[in-house]
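Residue numbers (my numbering): 345 to 1290.
Glycine included, each C-beta is placed from N, C-alpha and C at the ideal position.
The structure under discussion appears below in the form of structure tokens.
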Amino acid sequence: MALRMEQYVFSGKIKAVLLFVLCPLFLCCQIVDVETEVGDWKILTQNDLLHFEDDTRSLTFSEVLKKEFTAAQQENQNKQAVHWYRFSLINEKNKGQLFMSFRLVDYSDVYVPVKGEEGYRHHTVGFFAKKKEKIVGGEHLQMLRLQTDEIDFSRPFYFNRRMITHWAKNNWGHLLAFFFADDNVALSRDLLWINYKESDIYFYIGVVFISFFLFLVNFLISKNKSYLIYGLYLLGVALYYANRLPIFLNLYQNTIPELYFYVNQIAHIANIGCYTWFVFYFLDFKNAFPKAYKFTKRLLFGILIFGILYTLQIIVFPYFSLRFFVIDAFRVVVMLLSIGLFVFLMFQNPDTIAKIVLIGSMVLIAGNILSLVMGDHTMFLKLMVLEIILFSLVVALRNKEVNDGRLRYRYDLEVEKMKLKTLKELDSVKTRFYENITHEFRTPLTLIISPVVKKLSDPELSQEEREELELIQRNADKLLDLVNQILDLSKLEEGNVKLTVRRGDLGEVIEPLINPFRQEAKNKNIDFLCRIEDIETAWFDKDIIEKVVVNLLSNALKYTPENGSVRIESYSKNGNWIFIITNTVDGDVAIDVSKLFTRYYRASKNIQGTGIGLNITKELVELAKGNIVANTLQNNEIQFTVSLPIKKSLFIDNIADDVDEKIMEVNLSTEVENGNKTLLKESNNTSFIKNKLEDAELPKLLVVEDNPEMRAFIVSNFKGDYQIKEAENGLVGIDLAIEFLPDLIISDIMMPVKNGFELCDAVKQNIQTSHIPVILLTAKVGEENELQGFKTGADDYMTKPFSVKKLKVRVRQLIQNQKQLGDYYGTTFSIDPEMTVSETDSEFLKLLKEVMDGHITDPDFNVDAFVGAMNMSRRQLQRKLKTIIGMSPIEFIRNERVKLAAKLLKLSDATVSEISYQVGFKTPSYFIKCFKETYGCTPSEFSENL
């Protein structure tokens, strides 16, 4: 027997190894089931048994003994009841053991009559009985081995049967079999009746469970939901079959044995639904098989509803008499519908992956059918291994498709990136084109507008000439507006317009914008009504407000006919600024308000188009987080309503920072046209000091402009009052600034070789020229360009076309400001680095102060030593001191010594001669002469006055 068992175990291992090599053949071989019966076995018949049916399923053995047993009936028995049987056996002589086999039963209580006071001894057998020792040969053969010398054969035996599973129902006709054997007969005798095949249930469950993990990993890597659904299906199948293992069966015996059936059936329904869902999702029925989409969706819904109802039936009535029929009917219906569905799909020209999935599905259906027909619950599990292999091929093909798709996606993405880069480059080229073309327009416009304005200021101009010049000015202004609109449009498209919000009074901003339109309305006999509410505290972008108001007013007056009306309202409501313009329009023209904000919209061939003004207005309003709407009203009126938020909390990221204050300061400083005067710093000895240009020497002016006509025009406005040098580009301008050392530089920005920013930066970084003020002239409008100019050290920034009068005032003012330090020193004899604007000048004065403090008392400290200590040439130091302080190096040294002598005269009792030597003068007579030139009195008189 031992040799035979080793052969069976070895045979099982060979099967496991050959599973992957000859899988289909191996699965077919599993169908063969060889059983051998021997003649010593005896099977009880219906005539040998008496029967009692316990409908309550709750009677104890002692209570059953009191019941009346009748002849057993095989047909029409209540499968939900507990059936009790009674029979008698005659002992065979010289036989020490009795073997009883209860084949294919779920659970049976066996009561064996024994000698002594015990009476009956209780045993449990069956699929759900506790497995106290390993059953040799297979779980379907439930055997009980008894010692005959303990049995009282004079009394009857009792056993019961209860139906839990399908196979118990299908094998209800199998009755008790037994045989007697002597003590010397080995257990191998009962093996003759056992199926000699090795159980591979653990192996198959392990394969399915490992496959679940593989598909779960595939899902985590690819994020493909179908892999997760299939993995859950595999997990459900593994748990479904693992539920039959002894470890779980013992668990059910400790709780409720009938629970096993319901757990498995609900799991079976869930697995069917999960697999159908997987096929539905993986093959993308909605797009790939639209004809089967609705049917499969309803099938999935039906499986879900059946599962819910079946679960509720178990909870309410667990011993429903038709429970086996219902679940069998469900399996048959689903299999038939699935077969019809998969056959139908095979005729829909599916792709390779779909065909493999459909074939695998047919394999699973075949496994279900074979399991029902052959009564072998492992048949489906065995065929499922083949289905997993098929689907692994599907996964490989799908992954290949995914990888190919990713490669295509990356290629398409790179193409899109290249297209996007090209578009950005085109936009950049377009923006540069707009900037360049507007710059080219602004230069001739400056040469048109500025002379016209200058000419119009002439009081002796005749009325006819004035009208002609005003006509030129109006049309030049219109052309300038168009240039500005084109530039604004390009910036909006490029996304370069940034919202910059400050607190202010909206009424003060709006009122000056409206006033110029009053006269135009009066000239056209238009009724012009305004209601402007004071909004003293509001947060807004001033530039956007100005452009929105001016564009809407211009549009209203442009399309309002004579004798029409324009009404303007401005007020705040719920934290928003509301601006409404209502104007009369031509009643014969049908206006489509939905197209008013479209560029160049024309309501009729007989009227002008809207251009781009309203389109820009709409984009600016949206940039400011507001909205604008247009509506047609009665009496041939059209109304534009703007709503912009003005609360600070809505603009936290858009509030102007401190760096913008430089622009505000410069803008305020340009108001000198209104008579404002520049205030100087207060010193210890003086309050405020006025500055004026000396008539003896004209200030020097350097004009850097690449356009000859513009350069000549600028020069013509400063001739006679300044010494002027000209440069055609930034590089020449830098060289002239070092050589000529002008008092001020006027420079264009867009120039060849070196532009105005580069010129300004070079001038401000050079210690010889850092003190020179720079005014930049440019067609580049916007705060970003202004900030760039100020960061390079520019003292002012003016856009073309510019006011000649304003430019003249600004030049005069900056030159005066530059002379403040010299006047301050001449009054206080004190060096203050904080008085300078340039950081380079401040560092120069700090070094100058350190050198003077360290060498002033040295009588040998002359100009050569001074030049060496400052690390500059004599000429450089001469020009720098002359420009900033207004003195030559020798005059500066002399003044510093005299200033120190004045302090010593105040603080010490030393004689004039002693002090003269202490401060570095070589002779007292020269000291007295220098002191008198500076203070207007001798040192002795200075001491007496103290």
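query, result
"Who are the near neighbours of D1092 in its chain, counting only those whose CB is closer than 7 Å to its CB and skipping five residues on each side?", "V1048, E1049, D1050, G1100, L1121, T1122"
"Helix, strand or coil for G1294 per DSSP?", "Since the first residue of the chain shown is 345 and the last is 1290, residue 1294 is not available in this structure."
"Please report the straight-line C-alpha distance between I1090 and D1065, rounded to a whole angstrom.", "15 Å"
"With a CB to CB cut of under 7 Å and the five nearest residues on each side skipped, what residues in its chain are close to M728?", "V552, V581, L708, G711"
"Give the list of continuous beta strand (DSSP E) stretches no shorter than 3 residues that lie fully inside the segment 1192-1280.", "none"
"Please report the residue range of the beta strand (DSSP E) in which H395 lies.", "394-398"
"Mapping DSSP to helix, strand and coil, what is M1142?", "strand"
"In angstroms with no decimal places, state the Cα-to-Cα distance between Y429 and F592.", "28 Å"
"What distance in whole Å lies between the Cβ atoms of C618 and L576, which are believed to be in contact at a cut-off of 8 Å?", "6 Å"
"If you measure between the beta carbons of S555 and I732, is that distance less than 7 Å?", "yes"
"If we count the other Cβ atoms within 10 Å of its Cβ and call it buried at 16 or more, is N927 buried or exposed?", "buried"
"Note down the Cα distance separating K1190 from M1214, rounded to an integer number of angstroms.", "11 Å"
"What are the boundary residues of the alpha helix (DSSP H) that includes H1306?", "What the structure shows of the chain is the stretch from 345 to 1290, and residue 1306 is not part of that stretch, so it cannot be assessed."
"Using the three-state DSSP reduction, which class does W921 fall into: helix, strand or coil?", "strand"
"Does any CB atom of chain B fall closer than 7 Å to the CB of D1087?", "Absent from the structure is chain B; it holds one protein chain and no more."
"For P634, which of helix, strand or coil comes out of DSSP?", "helix"
"Taking all protein chains shown into account, decide if H1115 is buried (16 or more other Cβ within 10 angstroms of its Cβ) or exposed.", "buried"
"Hey, how far is the Cα of K1247 from the Cα of A1254?", "12 Å"
"Contact between the segment 954-968 and the segment 905-916 is defined here as three or more beta-carbon pairs at a separation below 8 Å; is this criterion met?", "no"
"Is Y585 buried or exposed, if buried means 16 or more other CB atoms sit within 10 Å of its CB?", "buried"
"Mind the definition here: the segment 737-751 touches the segment 766-773 only if three or more C-beta pairs lie below 8 Å; say whether that holds.", "no"
"According to DSSP, is F413 part of a helix, a strand, or is it coil?", "coil"
"Need the endpoints of the beta strand (DSSP E) that E1070 sits in, please.", "1067-1071"
"Where does the unbroken beta strand (DSSP E) through V894 begin, and where does it stop?", "Looking at the DSSP string, V894 is not in any beta strand (DSSP E); the run it does join, the alpha helix (DSSP H), is 886-903."
"On a CA-only basis, which of L958, K992, L442 is nearest F984? Give me that one, please.", "L958"
"Relative to the C-alpha of K410, which residue among L442, L433, G517, Y502 is closest?", "Y502"
"To the nearest angstrom, how far is the alpha carbon of S794 from that of I830?", "22 Å"
"Leaving aside the five residues before and after I1058 along the sequence, list all residues of the same chain whose C-beta is less than 7 Å from its C-beta, in chain order.", "V1047, E1049, I1090"
"What is the DSSP secondary structure of P788, counted as helix, strand or coil?", "helix"
"So who's on the other strand from Q491, going by DSSP bridges?", "Q441"
"Thinking G1074 and M1095 are a contact (beta carbons under 8 Å), I'd like their distance in whole angstroms, please.", "5 Å"
"If you draw a straight line from the C-alpha of D1140 to the C-alpha of V929, how long is it?", "45 Å"
"Is any heavy atom in the ligand GDP found nearer than 6 Å to the beta carbon of L805?", "You won't find the ligand GDP in this model; it holds no ligand whatsoever."
"May I ask you to report which of helix, strand or coil DSSP gives N615?", "helix"
"Identify whether Q657 lies in helix, strand or coil by the three-state DSSP scheme.", "helix"
"If you reduce the DSSP assignment to three classes, tell me which class P457 lands in.", "strand"
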